[in-house]
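Here the structure comes first, spelled out in structure tokens, and everything after it is commentary.
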Amino acid sequence: MASLQKAIKVGSSVAVVIPKKSLKALGIKAGMQLALDVDEKNQRVVVSHPAPLADTEILDWSNRFIKRYRKALEALAK
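Under this note's numbering, the first residue of the sequence shown is numbered 65, with each subsequent residue one higher.
Rendered as structure tokens:
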């Protein structure tokens, strides 16, 4: 599903508009986080859904959980 799109300036960055048909086919909605892979050798950019929960996200969530429920977890550990 190739289409020719124009790069537009957005602040100090550049953006490429993804056609509505492509967004629907890929299940992409405004505000979603996407993974961006740059293939310099073949001069391609691949946009995809990120892998579910990166290791750092799991670690951050676990630390918040432990901090919030420390007393209960210590009582359960006895």
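The C-beta atom is built at its ideal place from N, Cα and C for all residues, glycine as well.
Inter-residue Cα distance where the pair is residue i and residue j
{"i": "H113", "j": "L98", "result": "5 Å"}
{"i": "Q107", "j": "V81", "result": "18 Å"}
{"i": "K85", "j": "D124", "result": "36 Å"}
{"i": "A136", "j": "D119", "result": "25 Å"}
{"i": "I130", "j": "L140", "result": "13 Å"}
{"i": "P116", "j": "G91", "result": "15 Å"}
{"i": "S143", "j": "R134", "result": "Outside the displayed range of the chain (65 to 142) lies residue 143, so it cannot be described from this structure."}
{"i": "M96", "j": "A89", "result": "15 Å"}
{"i": "K73", "j": "V110", "result": "20 Å"}
{"i": "N127", "j": "A79", "result": "36 Å"}
{"i": "E138", "j": "E121", "result": "24 Å"}
{"i": "K142", "j": "V102", "result": "51 Å"}
Residues bridged to residue i [DSSP beta-bridge criterion]
{"i": "A99", "result": "S112"}
{"i": "I72", "result": "A79"}
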